[in-house]
Amino acid sequence: MTFLNFLISGISLGSIYAIIALGYTMVYGIAKMLNFAHGDVIMVGAYICFYAVSRFDLPPLAGVILAMLVCTVLGMVVERLAYKPLRQAPSLAVLITAIGVSYFLQNMALLLWSSNPKVFPGFFVSASGDTGVELFGGELKISYVTLFTILICIVIMLALTWFTGRTKMGKAMRACSEDKGAAQLMGINVDATISMTFAIGSGLAAIAGVLLCSAYPTLVPTTGSMPGIKAFTAAVFGGIGSIPGAFLGGLLLGIIEIFAKAYISTQLSDAVVFAVLIIVLLVKPAGLLGKQIREKV
Amino acid sequence: MKSLKLNKTTRRNYLTYLLVILAYVILQVLGSAGAISSSLKGMLVPICAYIVMAISLNLTVGVLGELSLGHAGFMSMGAFTGVTAAIALQDAIPAAPLRMAIALLVGAAFAALAGFLIGIPVLRLNGDYLAIVTLAFGEIIKSIFNNLYVGVDSKGLHMSLLSDTTNLAEGGKLIIAGPMGIGGIQKISTFTAGFILVMVALIVIFNLVNSRAGRAIMAIRDNRIAAESVGVNITKYKMMAFVTSAALAGAAGALFAMNYSTIVANKFDFNTSILVLVFVVLGGLGNMLGSIVAAAALTILPEALRQFSDYRMLVYAIVLILVMLATNNPTLKSFFGRFKPGKSHGKEAA
Amino acid sequence: MFGKLVPVPSGSMIPDRDIDKKPILECINLGITFGGLKAVEDFNLTIGRTEIAGLIGPNGAGKTTVFNLLTKVYQPTTGTILLGGKDTHSMNTMQVNRAGIARTFQNIRLFQKLSVEDNVKVGMDANMKYNMWSGIFRLPGYWHEEKTAHERAMELLSLFNMTDLADVTAGSLPYGAQRRLEIVRALATNPSLLLLDEPAAGMNPSETAELMENIRKIRDTFQIAVLLIEHDMNLVMNICEGICVLNFGRVIAKGSPEDIQSNPAVIEAYLGKKKEA
Chain A
0 MTFLNFLISG ISLGSIYAII ALGYTMVYGI AKMLNFAHGD VIMVGAYICF YAVSRFDLPP
60 LAGVILAMLV CTVLGMVVER LAYKPLRQAP SLAVLITAIG VSYFLQNMAL LLWSSNPKVF
120 PGFFVSASGD TGVELFGGEL KISYVTLFTI LICIVIMLAL TWFTGRTKMG KAMRACSEDK
180 GAAQLMGINV DATISMTFAI GSGLAAIAGV LLCSAYPTLV PTTGSMPGIK AFTAAVFGGI
240 GSIPGAFLGG LLLGIIEIFA KAYISTQLSD AVVFAVLIIV LLVKPAGLLG KQIREKV
Chain B
187 MKSLKLNKTT RRNYLTYLLV ILAYVILQVL GSAGAISSSL KGMLVPICAY IVMAISLNLT
247 VGVLGELSLG HAGFMSMGAF TGVTAAIALQ DAIPAAPLRM AIALLVGAAF AALAGFLIGI
307 PVLRLNGDYL AIVTLAFGEI IKSIFNNLYV GVDSKGLHMS LLSDTTNLAE GGKLIIAGPM
367 GIGGIQKIST FTAGFILVMV ALIVIFNLVN SRAGRAIMAI RDNRIAAESV GVNITKYKMM
427 AFVTSAALAG AAGALFAMNY STIVANKFDF NTSILVLVFV VLGGLGNMLG SIVAAAALTI
487 LPEALRQFSD YRMLVYAIVL ILVMLATNNP TLKSFFGRFK PGKSHGKEAA
Chain C
13 MFGKLVPVPS GSMIPDRDID KKPILECINL GITFGGLKAV EDFNLTIGRT EIAGLIGPNG
73 AGKTTVFNLL TKVYQPTTGT ILLGGKDTHS MNTMQVNRAG IARTFQNIRL FQKLSVEDNV
133 KVGMDANMKY NMWSGIFRLP GYWHEEKTAH ERAMELLSLF NMTDLADVTA GSLPYGAQRR
193 LEIVRALATN PSLLLLDEPA AGMNPSETAE LMENIRKIRD TFQIAVLLIE HDMNLVMNIC
253 EGICVLNFGR VIAKGSPEDI QSNPAVIEAY LGKKKEA
């Protein structure tokens with residue numbers, strides 16, 4: 000039963016990673032850049048929700064929506080101001096700019112909200128005050144946060160699959176990630192599509208931020224960094240640029256991390272996660288679901 | 187030797203040596219005249235360490251053309267092994283400069299070993315996948331040093347992982363104490379040692395780049411398939427660049443660590459790797475003088491921004507973004523391009 | 013795929029002067045499949061020690077794929093490549109080059125940021141001996157070999173009248189010079205077989221005429237074999253002693269330029285069947 004417990008918390012943590020990894024993978028697929036500031040958008044989302052709910056007494060759902068709105072706008076503004084002028088620049092220049100944006104967001108948060116840790120409110124409590132359900136006579140306890148996280152992750156997965164496969168905008172996104180030049184010639188507004196991608200990725204980051212802080216309720220300006228790096232790892236793990244890959248990578252990473260913590264060592268869990276990543280990349284150099292592109296000679 | 191006349195690259199390399207020596211002499215003179223603030227004085231050794239970090243990373247990123255996000259891992263390797271050597275030899279070798287030199291060599295050797303072991307899997311990958319694996323190795327090295335316990339007693343070195351089970355004999359002492367790192371380090375790093383290390387690193391890199399190895403490494407960067415087709419041993423040369431880069435970073439780590447009384451593994455994290463990468467990109471890929479200037483300037487900048495107190499890191503971030511936007515602005519680029527005599531013919535390679 | 017296959021001439025293309033020597037290259041039933049598509053199939057070719065041979069065919073016929081198979085950029089799915097009688101089965105691109113095959117590329121692949129001279133010197137790397145430490149500490153081995161390399165590079169560049177471009181960055185050379193530099197770089201590896209992938213592409217008639225002279229000069233000076241892919245029929249018919257025609261991955265004709273020019277299968281491959289036209 001403890002195994003099942005670990006598995007469920009692994010899937011839950013993995014779901015959060017998956018949602019963050021989506022932002023990385025979509026932006027990478029379309030703009031071919033590693034958006035290192037993505038982790039900090041999570042943090043911004045969590046702060047917005049925190050202040051909306053605990054200072055302005057908004058209902059949790061309104062807080063989440065507000066956080067999503069703010070992050071969506073933030074993502075689009077950052078793309079417009081910092082990344083768009085660098086569309087023709089070498090990828091390293093874009094990477095450094097993204098790092099600059101990351102520093103900027105962290106330090107802005109530090110100034111606005113100070114370095115004192117905020118205790119994130121628990122949203123997922125039933126009317127009777129329960130925080131979870133107990134099964135098998137109390138042997139298996141699943142918190143509502145866990146359930147909701149997994150559920151939301153599935154909903155997002157389905158919605159995105161529908162969006163990229165069926166809608167005009169989604170198809171435009173896939174076309175742009177395949178070949179921007181050709182997409183432009185076919186009448187697709189590449190700038191708008193990239194902007195849209197950032198918007199979706201950042202909106203998802205806000206959800207991830209709220210979920211992350213509901214599960215691990217300490218909020219500081221650097222909250223987003225480590226989950227950001229892990230989710231980035233997850234995106235690569237699954238094959239960067241691939242949406243199902245981001246889900247698979249995120250889930251596996253979460254499960255591996257929890258199992259490593261439980262069965263190997265808490266302190267070395269990160270090392271185990273990264274070691275697994277290295278092994279996977281050696282066997283599948285483009286990640287689990289990524290496709291290897293052969294250079295034309 | 188007439189055939190090997192002084193070309194543009196060679197002149198540039200000599201200029202770099204000259205400027206570094208000049209900077210050292212000026213700072214020494216100012217220092218002895220008491221014209222340098224104590225805060226700057228305290229930063230001289232870290233600046234030297236960061237310069238060596240930047241030029242060694244530039245060998246990987248600028249010359250070999252592979253993005254590494256885990257350079258701090260090698261620095262960490264060099265710091266911990268170098269300091270351990272220095273502490274273990276404290277009684278055997280009383281002369282601090284000699285102990286310092288040995289510590290730097292030990293740090294470089296272990297970092298080179300780590301570079302070689304990591305290089306075997308890493309160099310089989312390409313592009314962003316290579317980058318993420320270097321990041322992963324950097325994090326793994328950090329995790330290991332965070333959980334490593336090393337002690338020395340009359341029977342030699344003892345090691346354990348996760349918890350302290352070294353069981354040292356009477357009179358033994360614990361050198362590396364897991365997350366507490368290494369404490370009680372004798373601060374034997376000096377500005378002169380730092381200057382010598384910078385010069386050695388420059389000589390190694392310049393001479394390597396201006397030999398058959400450097401040509402082959404840059405050929406691999408410019409076109410791997412063509413390099414293979416003319417018989418260049420890709421694996422060998424990639425490894426050579428990667429290991430050299432790691433070794434120099436290891437020496438820098440040992441220098442850096444012996445400037446402080448305590449050193450912990452978390453000091454050499456992902457952010458440190460990124461910091462050094464920023465030096466390299468701002469200084470220009472493959473441009474060693476640029477790396478030196480960027481490393482020195484950006485290490486001093488946060489100090490210089492102290493008057494902005496709380497805002498200094500914010501200003502730093504904004505400066506970083508603006509510099510990247512300005513240096514990659516097509517209009518500005520073509521404007522400044524006109525003043526560069528070397529680029530008068532031909533278009534910039536993409 | 014074809015209704016009727018024109019029988020491939022089975023006679024050797026080896027010129028008379030090479031006939032008593034072992035051929036430099038023998039391809040036996042060479043083939044490669046990309047995800048079910050047979051890009052090249054049953055490719056048989058023999059090239060003499062000092063022969064200039066041509067590989068022609070319509071676009072997409074698989075000519076460059078043959079080069080990629082010979083240089084092991086792709087590993088053949090079937091068949092054998094014998095280089096000077098030695099099987100190259102277990103070799104990779106680098107080893108094939110060291111065994112004696114050098115090539116140029118259809119889409120030019122120079123070391124863009126290196127100087128012209130350094131591009132040539134990279135070609136000599138496999139034949140240089142001094143190690144990393146000699147380079148770092150500037151030991152006598154470094155000075156000696158670098159001097160020799162410089163002289164040799166200049167000698168090779170002078171073949172194409174490029175010595176005064178030695179210090180120019182390769183990426184900023186004009187197109188024609190880039191193509192010539194690729195040939196010089198390939199020659200620097202001391203090959204016994206030189207593969208040229210569309211050497212005359214984008215050249216004007218006078219440049220092409222000069223190139224023809226140069227290819228002959230290379231063969232005569234270095235006594236090596238040359239296999240070239242080219243669409244300029246004038247060049248091919250003028251300098252090639254043997255020609256192999258490829259269509260849809262298969263050899264449809266082999267023989268001397270005269271044979272090829274009158275071969276109905278070749279005419280059909282280039283111009284299409286009468287009823288379709």
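Chains as they are written, first to last, in the working numbering: chain A, 0 to 296; chain B, 187 to 536; chain C, 13 to 289.
Each residue gets a CB set at the ideal place from its N, CA and C atoms; glycine is no exception.
Here the structure is a predicted model, which means the values were calculated and not measured.
Which of helix, strand or coil DSSP assigns to residue i
{"i": "B:T517", "result": "helix"}
{"i": "A:R86", "result": "coil"}
{"i": "A:E133", "result": "strand"}
{"i": "A:Y262", "result": "helix"}
{"i": "B:V479", "result": "helix"}
{"i": "B:Y335", "result": "strand"}
{"i": "C:D54", "result": "strand"}
{"i": "C:H101", "result": "coil"}
{"i": "C:M140", "result": "coil"}
{"i": "A:K117", "result": "strand"}
CB contact below 9 Å: residue i versus chain A
{"i": "C:N104", "result": "no"}
{"i": "B:M474", "result": "no"}
{"i": "C:N71", "result": "no"}
{"i": "C:F117", "result": "yes"}
Between the CA atoms of residue j and residue i - distance to the nearest angstrom
{"i": "A:F258", "j": "B:K373", "result": "42 Å"}
{"i": "B:A399", "j": "B:I361", "result": "39 Å"}
{"i": "A:L64", "j": "A:I41", "result": "Contrary to the premise, residue 64 of chain A reads as Ile rather than Leu in this sequence. In a straight line, the C-alpha of A:I64 is about 14 Å away from that of A:I41."}
{"i": "B:T485", "j": "C:L81", "result": "52 Å"}
{"i": "A:G22", "j": "A:L203", "result": "7 Å"}
{"i": "A:C70", "j": "A:I7", "result": "29 Å"}
{"i": "B:N473", "j": "A:Y27", "result": "28 Å"}
{"i": "A:L80", "j": "A:G99", "result": "12 Å"}
{"i": "B:S415", "j": "A:N106", "result": "50 Å"}
{"i": "A:L281", "j": "B:L311", "result": "8 Å"}
{"i": "A:I350", "j": "A:I18", "result": "In this structure chain A extends from 0 to 296, so residue 350 of chain A is not present and cannot be described."}
{"i": "A:F236", "j": "C:P276", "result": "55 Å"}
{"i": "C:M144", "j": "C:L151", "result": "10 Å"}
{"i": "A:P59", "j": "A:D178", "result": "41 Å"}
Exposed unless 16 or more other CB atoms sit within 10 angstroms - verdict on residue i
{"i": "C:H101", "result": "exposed"}
{"i": "C:A281", "result": "buried"}
{"i": "C:H156", "result": "exposed"}
{"i": "B:K424", "result": "buried"}
{"i": "C:P211", "result": "buried"}
{"i": "B:R198", "result": "exposed"}
{"i": "B:Y502", "result": "buried"}
{"i": "C:Q87", "result": "exposed"}
{"i": "C:G23", "result": "Bear in mind that a pLDDT of 37 at C:G23, under 50, signals an unreliable position, so the number given afterwards is only what the model happens to contain. Classification for C:G23: exposed."}
{"i": "A:K260", "result": "buried"}
Closer than 9 Å to chain C by CB, residue i
{"i": "B:I382", "result": "no"}
{"i": "A:V40", "result": "no"}
{"i": "B:D408", "result": "yes"}
{"i": "A:V279", "result": "no"}
{"i": "B:I389", "result": "yes"}
Neighbour flag for residue i against chain B, beta carbons, 9 Å
{"i": "A:P84", "result": "yes"}
{"i": "A:T96", "result": "yes"}
{"i": "C:Y86", "result": "no"}
{"i": "A:T232", "result": "yes"}
Is the number of C-beta pairs between the region 74-93 of chain A and the region 20-38 of chain A that are closer than 8 Å three or more? yes
Check whether the region 78-95 of chain C touches the region 111-119 of chain C, counting contact only when three or more Cβ pairs, one atom from each stretch, lie closer than 8 Å. yes
Quick check: the region 477-497 of chain B against the region 236-251 of chain A, are at least 3 beta-carbon pairs closer than 8 Å? Output reads no: the region 477-497 of chain B does not touch the region 236-251 of chain A.
The region 112-130 of chain C / the region 195-210 of chain C touching (three or more Cβ pairs under 8 Å): Yes, they touch.
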